[in-house]
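Engineer:
2 protein chains.
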Amino acid sequence: MTSAASARSRSFWAWGYEDKFPDDAARRALAEQVSAVLGVACMPRALPSFSNLRLPVPRVGAPASLAALASVDPRDRALHTYGRSYRDVVRAFRLDFATAPDLVLAPRTDDDVADALAWAEEEKVCIVPFGGGTSVVGGVECPLPSGFRGVASLDLTAMDRVLAVDAVSRAALVQAGATGPVLEEQLAAHGLTLRHFPQSFELSTVGGWIATRAGGHYATLLTHIDDFVESIRMVTPRGVWESRRLPASGAGPSPDRLALGSEGILGVITQAWLRVVPRPRFRASVSVYYATFAEGAEACRAIAQAGLYPSNCRLLDAREALLHGVPSDGKNVLLLAFESADHPLAPWMERALALATAHGGACSSPPVYADEGETARANETATSWRRAFFDAPYLQSALVTLGVLADTFETACTWDKFPALHKQVKRAVLDALGRECGGGVVTCRFTHVYPDGPAPYYTFVGAAREGHELEQWAAIKKAASDALSACGATITHHHAVGRTHRPWYDRERPDPFALALRAAKKAVDPMAVLNPGVLVDP
Amino acid sequence: MTSAASARSRSFWAWGYEDKFPDDAARRALAEQVSAVLGVACMPRALPSFSNLRLPVPRVGAPASLAALASVDPRDRALHTYGRSYRDVVRAFRLDFATAPDLVLAPRTDDDVADALAWAEEEKVCIVPFGGGTSVVGGVECPLPSGFRGVASLDLTAMDRVLAVDAVSRAALVQAGATGPVLEEQLAAHGLTLRHFPQSFELSTVGGWIATRAGGHYATLLTHIDDFVESIRMVTPRGVWESRRLPASGAGPSPDRLALGSEGILGVITQAWLRVVPRPRFRASVSVYYATFAEGAEACRAIAQAGLYPSNCRLLDAREALLHGVPSDGKNVLLLAFESADHPLAPWMERALALATAHGGACSSPPVYADEGETARANETATSWRRAFFDAPYLQSALVTLGVLADTFETACTWDKFPALHKQVKRAVLDALGRECGGGVVTCRFTHVYPDGPAPYYTFVGAAREGHELEQWAAIKKAASDALSACGATITHHHAVGRTHRPWYDRERPDPFALALRAAKKAVDPMAVLNPGVLVDP
Chain A
1 MTSAASARSR
11 SFWAWGYEDK
21 FPDDAARRAL
31 AEQVSAVLGV
41 ACMPRALPSF
51 SNLRLPVPRV
61 GAPASLAALA
71 SVDPRDRALH
81 TYGRSYRDVV
91 RAFRLDFATA
101 PDLVLAPRTD
111 DDVADALAWA
121 EEEKVCIVPF
131 GGGTSVVGGV
141 ECPLPSGFRG
151 VASLDLTAMD
161 RVLAVDAVSR
171 AALVQAGATG
181 PVLEEQLAAH
191 GLTLRHFPQS
201 FELSTVGGWI
211 ATRAGGHYAT
221 LLTHIDDFVE
231 SIRMVTPRGV
241 WESRRLPASG
251 AGPSPDRLAL
261 GSEGILGVIT
271 QAWLRVVPRP
281 RFRASVSVYY
291 ATFAEGAEAC
301 RAIAQAGLYP
311 SNCRLLDARE
321 ALLHGVPSDG
331 KNVLLLAFES
341 ADHPLAPWME
351 RALALATAHG
361 GACSSPPVYA
371 DEGETARANE
381 TATSWRRAFF
391 DAPYLQSALV
401 TLGVLADTFE
411 TACTWDKFPA
421 LHKQVKRAVL
431 DALGRECGGG
441 VVTCRFTHVY
451 PDGPAPYYTF
461 VGAAREGHEL
471 EQWAAIKKAA
481 SDALSACGAT
491 ITHHHAVGRT
501 HRPWYDRERP
511 DPFALALRAA
521 KKAVDPMAVL
531 NPGVLVDP
Chain B
1001 MTSAASARSR
1011 SFWAWGYEDK
1021 FPDDAARRAL
1031 AEQVSAVLGV
1041 ACMPRALPSF
1051 SNLRLPVPRV
1061 GAPASLAALA
1071 SVDPRDRALH
1081 TYGRSYRDVV
1091 RAFRLDFATA
1101 PDLVLAPRTD
1111 DDVADALAWA
1121 EEEKVCIVPF
1131 GGGTSVVGGV
1141 ECPLPSGFRG
1151 VASLDLTAMD
1161 RVLAVDAVSR
1171 AALVQAGATG
1181 PVLEEQLAAH
1191 GLTLRHFPQS
1201 FELSTVGGWI
1211 ATRAGGHYAT
1221 LLTHIDDFVE
1231 SIRMVTPRGV
1241 WESRRLPASG
1251 AGPSPDRLAL
1261 GSEGILGVIT
1271 QAWLRVVPRP
1281 RFRASVSVYY
1291 ATFAEGAEAC
1301 RAIAQAGLYP
1311 SNCRLLDARE
1321 ALLHGVPSDG
1331 KNVLLLAFES
1341 ADHPLAPWME
1351 RALALATAHG
1361 GACSSPPVYA
1371 DEGETARANE
1381 TATSWRRAFF
1391 DAPYLQSALV
1401 TLGVLADTFE
1411 TACTWDKFPA
1421 LHKQVKRAVL
1431 DALGRECGGG
1441 VVTCRFTHVY
1451 PDGPAPYYTF
1461 VGAAREGHEL
1471 EQWAAIKKAA
1481 SDALSACGAT
1491 ITHHHAVGRT
1501 HRPWYDRERP
1511 DPFALALRAA
1521 KKAVDPMAVL
1531 NPGVLVDP
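Residue numbers (the numbering used here), protein chains in the order written: chain A, 1 to 538; chain B, 1001 to 1538.
#1: For B:Arg1283, list the residues DSSP reports as bridge partners.
#2: Indicate the three-state DSSP secondary structure (helix, strand or coil) for B:Tyr1458 in the structure shown.
#3: Among A:Ala341, A:Asp342 and A:Ala337, which has the Cα closest to the Cα of A:Glu350?
#4: Cα separation between B:Pro1143 and B:Val1151?
#5: Taking the straight line between their C-alpha atoms, what separation do you get for A:Thr2 and A:Arg75?
#6: Output, in sequence order along the chain, the residues in the region 500-514 of chain A whose CB is closer than 8 Å to any CB in chain B.
#7: Just the chain A side, please: which residues come within less than 7 Å of B:Val1497 by C-beta, in chain order?
#8: In the DSSP assignment, find the unbroken alpha helix (DSSP H) run with B:Pro1129 in it and report its ends.
#9: Just how far apart, CA to CA, sit A:Val286 and A:Asp511?
#10: For the region 281-309 of chain A, which residues have a beta carbon sitting closer than 7 Å to at least one beta carbon of chain B?
#11: Of all the alpha helix (DSSP H) runs that stay within the bounds of the region 191-223 of chain A, which reach a length of 4 or more residues?
#12: Quick one: any contact between the region 1408-1428 of chain B and the region 1483-1491 of chain B, if contact means 3 or more CB pairs under 8 Å?
#13: Looking at A:Leu55 and A:Ala78, is the spacing between their C-beta atoms short of 8 Å?
#14: For the region 1091-1130 of chain B, list the alpha helix (DSSP H) runs that are entirely contained and at least 4 residues long, ordered along the chain.
#15: If you reduce the DSSP assignment to three classes, tell me which class B:Tyr1309 lands in.
#16: Cβ closer than 7 Å: which chain B residues qualify as neighbours of A:Ser169?
#17: Among the residues of its own chain, which have a CB less than 8 Å from the CB of A:Leu53, if the five just before and after it don't count?
#18: So the candidates are A:Arg245, A:Ile269, A:Asp226 and A:Pro237; which of them puts its Cα closest to the Cα of B:Ser1254?
#19: On the three-state DSSP scale, how would you describe B:Gly1147?
#20: In chain order, what residues of the same chain have a beta carbon less than 7 Å from the beta carbon of A:Asp102, not counting five sequence neighbours either side?
#21: Determine whether the Cβ of B:Thr1270 lies closer than 8 Å to any Cβ atom of chain A.
#22: Any beta carbon of chain B sitting closer than 8 Å to that of A:Ser262?
#23: So, does the CB of B:Thr1212 fall closer than 8 Å to a CB anywhere in chain A?
#24: Out of A:Glu380, A:Ala26, A:Ala41 and A:Leu203, which has the shortest C-alpha to C-alpha gap to A:Ala464?
#25: Give me the Cα-Cα distance between A:Pro347 and A:Leu430, rounded to the nearest whole angstrom.
#26: I need the straight-line Cα distance from A:Leu92 to B:Asp1110, nearest angstrom please.
#27: Mind checking if A:Glu121 is an interface residue toward chain B, Cβ cutoff 8 Å exclusive?
#28: Determine the burial state of B:Phe1050: buried for a count of at least 16 other Cβ atoms within 10 Å of its Cβ, exposed for fewer.
#29: Starting from A:Ile269, follow the beta strand (DSSP E) in both directions and report where the run begins and ends.
#30: Select from A:Trp15, A:Ser9 and A:Arg8 the residue whose C-alpha is nearest the C-alpha of A:Pro393.
#31: I need the boundaries of the alpha helix (DSSP H) containing A:Asp511, first residue and last residue.
#32: Taking the Cβ atom as the reference point for each residue, do B:Ala1219 and B:His1448 lie within a distance shorter than 8 Å?
#33: For B:Ala1120, which residues of its own chain have a beta-carbon under 6 Å away from its beta-carbon, when the five flanking residues on both sides are left out?
#34: If you check the beta carbons only, do A:Thr292 and A:Arg27 fall under 8 Å apart?
#35: Name the DSSP bridge partner or partners of B:Thr1411?
#36: Check whether the region 1378-1389 of chain B and the region 198-216 of chain A are in contact - that is, three or more C-beta pairs closer than 8 Å.
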């Protein structure tokens, strides 16, 4: 078997596909740029070679009944060892794969999943559900817990079909292993689209999005995958958890909302009905510039509270704009856009722009409107942004090879708390960068905005000291997370909890909710085989 | 002590306030109308007298430590025996209060709630959280379960204050016992409003709305109280469950979403931060008429899928219109409206109206636009509708006194399933009315519409046989609920589950979710004192 995830040339250590990884010339150019920014000479290091990789000997093997689904191929095991956080890429770059799963199982049906779970319970093997492997929070890395004999990665990507489309209700039944492009290609055949574009879109899967409450394309209103879910089918060790397909219900607490964000601890999501839409026919976009981030934030608040629901409303500080190749002339820039499959957008855009300029914003050019047949026309700034957005994770991996420590973290808070949070978080991270890296850069953007608050997203960059990257990173991450927690913000708006965010998650969630969630897990996963260590302790 | 709920003259047997109950002349006029519709002579019966009421002797009493919160006053106990379903009103009309709680506790603080729970655990007393007492699904009626010594109703209405307002983030911290009017009066002092107007608005409470996932004012987008909740504070027997105040989060499954719809089985909701808005400054409304309900439904689908988000988009069939005093000339009527505190609404209304007429709709007059200072101007149809909407529950109680069986039920389904569901549900209920009542009437409206489906709401009316009302009702309710279930619709879109909907809820929710929910309850309410019999068995 070759698991579906490895069928294309995924890098065994870096983000994404090998053929998209920056080549030597690009890495040298990047090194020059970053050296200039950090004031430290960054040099490209040699890339790791798969032939030098040594994996631990498997502790368990698949039984004959699961042999057809199983792989112990070293590349498969390596590809399923980590997500793609900074920590993960650093360790993989070092060829440290100490926590490699013993085997990879690639189910093709729900029965395969159930069989895998039954075997895991019997043989005391942990099961780690695995979609695109793009977790940046240690969601798929499972050190062997005591009482267990081994760890199996359960790769869902062979289950990637759109099984049914209901064009009347605008919904599609999708298998959980479909990646963004695989899903969109199948929906496009029906003239439909999900329009959920997380930064991991190229690799991440429907099941992963649901399990981690992924954030997506729309900056307002339908921000999380939660909002697109009509029903979920999840295979648990104690049977199939399948909700009825409904536009809404008031029948008790929502079963879907307990599966959403369950991060593989309650069951393996295998299918979902998702709400889809026709491709947009009308688009409107504009860039608005602000002298201060605070002014831009106030504009975002006004727009978010106006009931206009732009598809894009992303505020980038000047450095963030630079980082993403968005021309901003040293200013903060708000990317504002609307889209619709139903109606021209001038009244929406005009009102939003009036609010944007009323709060100190200025436009260098009027909004660009693209109607049907004109989709080629687009705001150039928005296009630069989009390209840079999807390339950013490749860049992060490349920076690791230059000895640069670069990572992101994100949160959400109410508007009243944002000014203090922004100040304290930036100070905490800059202080930590100073201590750990001798200095560095922090940038910020809003990825999503709500009537009651923004979701700020921070990027930090500093010089790494070879061999000490993980300690440096841990100190900075702790400083950032402590600051978020102290300000009453959430430890994650859409990156999930995994193993990395556990300490701050444990402070954030209500204690009785933790009791309830642990009990719920025990009820459906009594042997605790599913992704142990995530969200709750056994 | 007199509990807050009884401080105003609530009827001990009928819906709402005594002074709003239809007087004898109104009942005679109603009897004439209904007699004409049903073809059966309906006569007003004598109203029940409180002085004839005999309650069971209390099985337990409050300890000295809770004496200041406790009442065994017969009127208090009577007022806390039932909700206000047809079944409840019939039994109360008969002076059957066999399941009266032994006492009523009216906490003033979270500590009072915690004390009540601790006492209940120690003394084996069930606690039934009680807000407005408007449940129509047996949510607050608690027959003594085996192993318990008594039942206490926990009336939250003394905790009814707005504790804080954050005008920047547009949110308010509200105690759970605030009724709709009490809440809105306090918010109005800040120029703010929640705009959540369930039919029970006059009496029901914030905590009740959250515990039952109440549906409200907006016909699209923000349909349930769920959408207004920023955080919840709930006192459980194992500590305080309080979520962080956040506009959004991706940190594990949402604690709020497990509290929402928990119907008093996990804890007692005592406070919530709710998202509020300024009062609308702009309004637009119009009525559109359709020859068939199916045409109107297609128009609703088009509008719901267009991304316009009208505040009202309620389709009434001809009889439903008649019932609510909405002039429709025998046609189906769509009440379409927009509101905004930010912008004039012509572009929104024009596009929605274009969709409405493209699907066979006709207007007798153009949309009415009311801008700031013109709030007095309003679409007359919408005004009639609103008045009749809030009076309907009084009418239902009055009908009981005429020997008329009248009730409502509601659901939601995807658009593809609606035509078959509508046909089968109407047939099932008409057949049952024929068998049980010798005929009757069924009407339908959409209370809310979603991109992927409507929430149809049915009203049925037939002649009751004195002394057999409950059996007649049960047979009709079963026919309706079985039809909903067979069609894959939900047993409730916003009326909740309570004890009445349990059999159909048990078919609807995923089995492993029931295991999880039962375990969650056991973790936070190990003695099972909270509202036993609702949602899960111990």
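Where is the CB? At the ideal position from N, CA and C, for every residue including glycine.
Computed from a prediction, not measured in an experiment: that's the story for all the values here.
Structural biologist: Checking against the coordinates, here is how it stands:
#1: B:Glu1339 and B:Ala1370
#2: strand
#3: A:Ala337
#4: 8 Å
#5: Note that A:Thr2 scores a pLDDT of 42, beneath 50, so its modelled location is shaky; the value from the coordinates is reported in the next line. Each residue's alpha carbon lies about 9 Å from the other.
#6: His501, Tyr505, Glu508, Arg509, Pro510, Asp511, Pro512 and Phe513
#7: Ala251 and Gly252
#8: It is not in any alpha helix (DSSP H) - B:Pro1129 instead sits in the beta strand (DSSP E) that spans Val1125 to Phe1130.
#9: 45 Å
#10: Gln305, Ala306 and Gly307
#11: 206-212
#12: yes
#13: yes
#14: 1110-1123
#15: coil
#16: Thr1414, Trp1415, Asp1416, Asp1452 and Gly1453
#17: Phe12, Pro74, Ala78, Leu95 and Phe97
#18: A:Asp226
#19: coil
#20: Pro58, Arg59, Val60, Gly150, Val151 and Ala152
#21: no
#22: yes
#23: yes
#24: A:Ala41
#25: 42 Å
#26: First, the residue type needs correcting, since residue 92 of chain A is Ala and not Leu in the sequence shown. Cα-Cα distance, rounded: 51 Å.
#27: no
#28: exposed
#29: Val268 to Arg275
#30: A:Trp15
#31: Asp511 to Val524
#32: yes
#33: Ile1127 and Val1529
#34: no
#35: DSSP output for B:Thr1411 lists no bridge partner at all.
#36: no
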